[in-house]
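Line by line, the protein sequences give chains A and B. Under the working numbering, the first residue of the first sequence is numbered 33, with each subsequent residue one higher. Under the working numbering, the first residue of the second sequence is numbered 298, with each subsequent residue one higher.
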Amino acid sequence: MSTSTTTYAKALNTALRDALTADPDVLIMGEDVGALGGVFRITDGLTRDFGEDRCIDTPLAEAGIAGFAVGLAMQGFRPVVEMQFDAFGYPAFEQVTSHIAKMRNRTRGALPMPIVIRIPYAGGIGGVEHHCDSSEGYYVHTPGLHVVTPATPADAYSLLRESIESDDPVIFMEPKSQYYSKAELELPTTTEPIGRSAVRREGSDVTLVTYGPQLATALKVAEVAAAEEDWDVEVVDLRTLVPFDDAGVEASVRKTGRAVVLAEAQSFAGMGAEIAARVQERCFHSLAAPVLRVSGLDIPYPPPKLEHTHLPGVDRILDTIARLQWDDEPDHTHTPAEVSA
Amino acid sequence: MSEITDLLPCPEPVQLLAADGTAVPPTEQARERGYAMPAPEDLLAVWRAMVIGRRFDAQATALTKQGRLAVYPSSRGQDACQVAPILALGEQDWLFPTYRDSMALVTHGIDPVEVLTLLRGDWHCGYDPQARRTAPQCTPLATQAVHAAGAAHGLARRGTDALALCLIGDGATSEGDFHEGLNFAAVFEAPAVFLVQNNKYAISVPLAKQTKAPALAYKGVGYGVRSEQVDGNDPAAVLAVMRAAYEHTRAGHGPVLVEAHTYRMEAHTNADDATRYRTQDEVDEWTGQDPIVRLQAYLVGQGHLDDARIEQVRAEAEDLAADLRTRMNAEPAVEPLELFEHVYAEPTPQLAEQRELVRHELAASASAAHGGTETKDTQ
Numbered sequence: 033m034s035t036s037t038t039t040y041a042k043a044l045n046t047a048l049r050d051a052l053t054a055d056p057d058v059l060i061m062g063e064d065v066g067a068l069g070g071v072f073r074i075t076d077g078l079t080r081d082f083g084e085d086r087c088i089d090t091p092l093a094e095a096g097i098a099g100f101a102v103g104l105a106m107q108g109f110r111p112v113v114e115m116q117f118d119a120f121g122y123p124a125f126e127q128v129t130s131h132i133a134k135m136r137n138r139t140r141g142a143l144p145m146p147i148v149i150r151i152p153y154a155g156g157i158g159g160v161e162h163h164c165d166s167s168e169g170y171y172v173h174t175p176g177l178h179v180v181t182p183a184t185p186a187d188a189y190s191l192l193r194e195s196i197e198s199d200d201p202v203i204f205m206e207p208k209s210q211y212y213s214k215a216e217l218e219l220p221t222t223t224e225p226i227g228r229s230a231v232r233r234e235g236s237d238v239t240l241v242t243y244g245p246q247l248a249t250a251l252k253v254a255e256v257a258a259a260e261e262d263w264d265v266e267v268v269d270l271r272t273l274v275p276f277d278d279a280g281v282e283a284s285v286r287k288t289g290r291a292v293v294l295a296e297a298q299s300f301a302g303m304g305a306e307i308a309a310r311v312q313e314r315c316f317h318s319l320a321a322p323v324l325r326v327s328g329l330d331i332p333y334p335p336p337k338l339e340h341t342h343l344p345g346v347d348r349i350l351d352t353i354a355r356l357q358w359d360d361e362p363d364h365t366h367t368p369a370e371v372s373a
Numbered sequence: 298m299s300e301i302t303d304l305l306p307c308p309e310p311v312q313l314l315a316a317d318g319t320a321v322p323p324t325e326q327a328r329e330r331g332y333a334m335p336a337p338e339d340l341l342a343v344w345r346a347m348v349i350g351r352r353f354d355a356q357a358t359a360l361t362k363q364g365r366l367a368v369y370p371s372s373r374g375q376d377a378c379q380v381a382p383i384l385a386l387g388e389q390d391w392l393f394p395t396y397r398d399s400m401a402l403v404t405h406g407i408d409p410v411e412v413l414t415l416l417r418g419d420w421h422c423g424y425d426p427q428a429r430r431t432a433p434q435c436t437p438l439a440t441q442a443v444h445a446a447g448a449a450h451g452l453a454r455r456g457t458d459a460l461a462l463c464l465i466g467d468g469a470t471s472e473g474d475f476h477e478g479l480n481f482a483a484v485f486e487a488p489a490v491f492l493v494q495n496n497k498y499a500i501s502v503p504l505a506k507q508t509k510a511p512a513l514a515y516k517g518v519g520y521g522v523r524s525e526q527v528d529g530n531d532p533a534a535v536l537a538v539m540r541a542a543y544e545h546t547r548a549g550h551g552p553v554l555v556e557a558h559t560y561r562m563e564a565h566t567n568a569d570d571a572t573r574y575r576t577q578d579e580v581d582e583w584t585g586q587d588p589i590v591r592l593q594a595y596l597v598g599q600g601h602l603d604d605a606r607i608e609q610v611r612a613e614a615e616d617l618a619a620d621l622r623t624r625m626n627a628e629p630a631v632e633p634l635e636l637f638e639h640v641y642a643e644p645t646p647q648l649a650e651q652r653e654l655v656r657h658e659l660a661a662s663a664s665a666a667h668g669g670t671e672t673k674d675t676q
């Protein structure tokens, strides 16, 4: 079989299509997922081909959609819910955190929740407010949820199929800036399972740990760093935030001795902080420099004309790598003189 | 779209028995909707379950005083709503209860100790929801309404004629999920029945501060849901109205909303002080509406019930209470390592690490308890 050029969006669409074919208990639900095919066209053609009984336009109420999925899961169905945008998922927060995440535990395993909640998230697409949030932090902080965020078309397909087959609820976060990224790919494809990270570029000097919307930027940084600074950057794509691949990250950082965590989300108390803490706890004696974070700013997502100030770009990331005490000298970035200046 | 008149509740709560137990002829509209006095054997079953249910409820309240339950929200006074809708359910139907519906769960045949597990505190849900076709008691308000809608749709998709019964309180009708549950059930024509037990208070806040609706039952009409209101302290009327609702929804006509006008005789829980927000006069007035007294008077008056049978059921209720006391007085076994078992199908590597940590902590404290000479953990 030959490969063809496949977008991330098309890979997701194919995964949904294949899941509907493979299992009659799989149901797709959400706002505008029917005739329209979703605002990002991820469910394009599914209602036409599988009927509005399998790919279901629901009333416009996110808590209702999530709670309805809970009831269906109790009856053995596998709902795949689309939240139209990251911030539009917030009305469903109680259903997600109090019921979907906890039902298995509350009932000692009697009522598992095989629900996938797909969330187009993060920015970089010139979206207006409430359309660009990096909301993963809320979900990774909630025990009982798996949080998966593919960064490539192959992972988009494989991780979505695996998420739908999982008996645990999965928050499936799709970086919308990557919907039109392409790869030469043959579908179906199976990549590494949920819970494993992947080294996207091997390097020897520093590990750049990232996920989702920032993988493409990380790879760009690695090329510039090699060409201009002679730093050999290893790029680790987490793929799954929960469960977290401590072993994979640890192996890379022990090899390179330096780590920078790159996340698009606001920084404070977020996923990046968790990664930095874990690396520091596990790799302290292998580290030649403190673990640093590069992230979005701790502000509400900015208006489109200002989003490039917010998003971690190549320069901000290179500047951070430069602070990794390359000459075994103290980091002068935060000297008292500068702080008071 | 249904005719609005089909959706509208009766203008007054449906009643078949007056407070003194005399039969009330149904209104013309009630007759049209099929609300007739149930057969004596059905009413006897409701009466018996109410007597047993109330004894259970009193025993549970007593167990809080002995420290055996962390807390107990009583449903005394709502006995008719706790019993009649449950007895009318079919084998395949699903129940979505709240924290105040323990009496309903006991009526449903669930072991009282399993019902009280949540409040005793050794696990969250003590019964097997799949085996009992009963969701865990819902503590967040109204979230179970959308679960019931989804489950009802799922039951219909499976080709059964089973329905989902959602129990809910008056305060929770202000929550968004109540409205989303009604709307989803209506849009999907799901076989769901929503029973609002309007007991007049959401903890301390009276109904007048909760809504300006003429009755909560009218809230269904805007969603295209057939709606009804019933005297919730009239066991005969509750049974008749709920049966008609089940029949309607089983026939594929979509969901039904029923509001039962009743009263919470106890405080919100044993930890609450109801004297801060309601008068004794009001409580006394509702004492005169008691559902058990009402039905018992009717059944005795009709010659269906005698002192011997009353004594027999009273003894049965005492046996249940005694058994519950004995079993609840035994300290439940808890297994700390079970905390890790049901978070996911398989623990994540991070949880597995924490499980090892706890395993070591447990081993260390066991060793210390057995006079081990290990140095004490600095905790």
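Ideal Cβ placement from N, Cα and C applies to all residues, glycine included. Values in this document were obtained by computation on a predicted structure and should not be read as measured data.
C-beta atoms of V490/B and A542/B nearer than 7 Å:
In the second sequence, counting from the first residue as 1, residue 490/B sits at position 193. In the second sequence, counting from the first residue as 1, residue 542/B sits at position 245. Yes; because the gap between Cβ atoms is below 7 Å, this pair is in contact.
On the premise that I132/A lies in contact with P175/A, defined as a C-beta separation below 8 Å, what is that separation, rounded to the nearest angstrom?
Locating residue 175/A in the first sequence gives position 143, counting from the first residue. Locating residue 132/A in the first sequence gives position 100, counting from the first residue. Contact doesn't hold; Cβ gap of about 12 Å is too wide.
Relative to chain A, which residues along the region 468-483 of chain B have a C-beta separation below 8 Å, given in chain order?
Here the close residues are G473, D474, E477, G478, N480, F481.
Assigned secondary structure, T38/A (DSSP; H/G/I helix, E/B strand, else coil)
Counted from its first residue, the first sequence places residue 38/A at position 6. Reduced to three states, the DSSP call for T38/A is strand.
Considering only C-alpha positions, which residue in the set A357/B, D376/B, E556/B is nearest to T623/B?
Locating residue 623/B in the second sequence gives position 326, counting from the first residue. Nearest option by C-alpha distance: A357/B.
Does C422/B have its Cβ less than 7 Å from a Cβ in chain A?
Your numbering for residue 422/B matches position 125 in the second sequence. By this cut-off, C422/B is an interface position.
Taking only beta-carbon atoms, is H657/B less than 7 Å away from chain A?
Here residue 657/B refers to the residue found at position 360 of the second sequence. The beta carbon of H657/B does not come within 7 Å of any beta carbon belonging to chain A, so the residue lies off that interface.
Closer than 8 Å, Cβ to Cβ, to anything on chain E: give me those residues from the region 246-276 of chain A, in chain order.
Looking for chain E here will not work: the only protein chains present are A and B.
Give the residues of chain B in contact with R193/A, contact being defined as C-beta atoms less than 7 Å apart.
The count along the first sequence starts at 1 and reaches residue 193/A at position 161. By Cβ distance, chain B contributes nothing, its closest Cβ being about 17 Å from R193/A, past 7 Å.
Starting from the N-terminal side, write out each stretch of the alpha helix (DSSP H) that is 4 residues or longer and does not extend beyond the region 249-309 of chain A.
278-288
Members of the region 638-649 of chain B that neighbour chain A once the beta carbon cut-off is set at 7 Å:
H639, V640, Y641, A642, T645, P646, Q647
Using CA coordinates, which residue listed in L294/A, R228/A, T272/A is at the minimum distance from K252/A?
If you number the first sequence from 1, residue 252/A lands on position 220. K252/A has its Cα closest to that of L294/A, out of L294/A, R228/A, T272/A.
To the nearest angstrom, how far is the alpha carbon of T367/A from that of R348/A?
Here residue 367/A refers to the residue found at position 335 when the first sequence is read from its first residue. Here residue 348/A refers to the residue found at position 316 when the first sequence is read from its first residue. Per-residue confidence for T367/A stands at a pLDDT of 49, beneath the threshold of 50, marking its modelled position as unreliable; the derived number appears in the next sentence. Separation of T367/A and R348/A (C-alpha to C-alpha, rounded to the nearest whole angstrom) is 19 Å.
Report yes or no: is there a C-beta of chain B within less than 7 Å of the C-beta of A305/A?
Here residue 305/A corresponds to residue number 273 of the first sequence, with the count starting at 1. No, A305/A does not count as interfacial toward chain B.
Under 7 Å between the Cβ atoms of V410/B and F353/B?
Reading the second sequence from its first residue, position 113 is the one you call residue 410/B. Reading the second sequence from its first residue, position 56 is the one you call residue 353/B. Contact flag unset, no.
In whole angstroms, what is the alpha-carbon distance linking L392/B and G99/A?
To locate residue 392/B, count along the second sequence from 1; it is residue 95. To locate residue 99/A, count along the first sequence from 1; it is residue 67. Their Cα atoms are separated by approximately 15 Å.
Only counting the same chain, and skipping five residues up and downstream in sequence, which positions put a Cβ closer than 7 Å to that of Q379/B?
Residue mapping note: residue 379/B aligns to position 82 of the second sequence, counting from 1. These residues qualify, in order along the chain: G350, S372, D398, M400, A401, T404.
Assign S34/A to buried or exposed, taking buried as 16 or more other Cβ atoms, counted over all protein chains shown, within 10 Å of its Cβ.
In the first sequence, counting from the first residue as 1, residue 34/A sits at position 2. When all chains shown are included, S34/A counts as exposed.
When you check each C-beta in the region 433-466 of chain B against every C-beta of chain A, which residues fall closer than 9 Å?
Within the region 433-466 of chain B, the qualifying residues are P433, C435, T436, P437, T440, Q441, A442, V443, H444, A445, A446, G447, A448, A449, H450, G451, L452, R454, R455, A461.
Establish whether the CB of Q356/B and some CB of chain A are separated by less than 7 Å.
In the second sequence, residue 356/B corresponds to position 59, counting from 1. Interface flag for Q356/B against chain A is unset, since no Cβ pair is found closer than 7 Å.
Please list, in chain order, all residues of the same chain as F72/A whose beta carbon is under 7 Å from its beta carbon, the five residues on each side excluded.
Residue mapping note: residue 72/A aligns to position 40 of the first sequence, counting from 1. Closer than 7 Å at the Cβ level, and outside the excluded window around F72/A, lie A41, P152, K208, Y211.
Do I226/A and E197/A have their C-beta atoms within less than 7 Å of each other?
Start at 1 with the first residue of the first sequence, and residue 226/A comes out as number 194. Start at 1 with the first residue of the first sequence, and residue 197/A comes out as number 165. No, the pair does not count as a contact, with Cβ atoms beyond the cut-off.
Assuming V443/B and D474/B form a contact by the criterion Cβ under 8 Å, report the distance between their Cβ atoms to the nearest whole angstrom.
Residue numbering aside, residue 443/B sits at position 146 when the second sequence is read from its first letter. Residue numbering aside, residue 474/B sits at position 177 when the second sequence is read from its first letter. 5 Å between Cβ atoms; contact.
DSSP state of C378/B, grouped into three classes?
Within the second sequence, numbered from 1, the residue matching residue 378/B stands at position 81. Helix.
So, does the region 424-440 of chain B touch the region 142-157 of chain A, judging by three or more C-beta pairs under 8 Å?
yes
Taking a Cβ distance cut-off of 7 Å, strictly less, list which residues of the region 87-102 of chain A are near chain B, in chain order.
P91, A93, A95, G96, G99, F100, A101, V102
Counting only runs that start and end within the region 462-544 of chain B, where is the alpha helix (DSSP H) found for 4 or more residues in a row?
Correct list: 473-484.
Taking 7 Å as the CB-CB limit, is D425/B close to chain A?
As a first step, residue 425/B must be located in the second sequence, where it is residue number 128. So yes, D425/B belongs to the interface.
Is A300/A close to chain B? Criterion is C-beta to C-beta, closer than 7 Å.
Residue 300/A sits at position 268 when you count from the first residue of the first sequence. What sits at residue 300/A in the sequence shown is Phe, not Ala. No, F300/A lies away from the interface with chain B (no Cβ there is under 7 Å from its Cβ).
Closest by CA to A367/B, which one among L659/B, R591/B, A568/B?
By 1-based counting over the second sequence, the position of residue 367/B is 70. Nearest of L659/B, R591/B, A568/B to A367/B, Cα basis: A568/B.
Span separating the alpha-carbon of I157/A from that of L247/A
For the purposes of this step, residue 157/A is taken as residue 125 along the first sequence, with counting starting at 1. For the purposes of this step, residue 247/A is taken as residue 215 along the first sequence, with counting starting at 1. Using only the alpha carbons, I get a separation of about 16 Å.
Does the beta-carbon distance from F109/A to D57/A come in below 7 Å?
Numbered from 1 along the first sequence, position 77 holds the residue referred to as residue 109/A. Numbered from 1 along the first sequence, position 25 holds the residue referred to as residue 57/A. Yes, the Cβ-Cβ distance between F109/A and D57/A is below 7 Å.
If I follow the unbroken alpha helix (DSSP H) through W583/B, where does it start and stop?
Indexing the second sequence from 1 puts residue 583/B at position 286. Where W583/B is concerned, the enclosing alpha helix (DSSP H) stretches over 577-584.
For W391/B, which of helix, strand or coil comes out of DSSP?
Taking the second sequence and counting its residues from 1, one reaches residue 391/B at position 94. Strand at W391/B.
Listed by chain order, chain B residues near M106/A by CB distance under 9 Å
In the first sequence, counting from the first residue as 1, residue 106/A sits at position 74. Listed along the chain, the chain B residues whose CB falls inside 9 Å of the CB of M106/A are W391, P426, Q427, A432, H444, G447, A448, G451.
Between the C-alpha atoms of E650/B and A321/A, what's the straight-line distance to the nearest angstrom?
Translated into positions along the second sequence, residue 650/B becomes position 353. Translated into positions along the first sequence, residue 321/A becomes position 289. Near 27 Å, if we compare the C-alpha coordinates of A321/A and E650/B.
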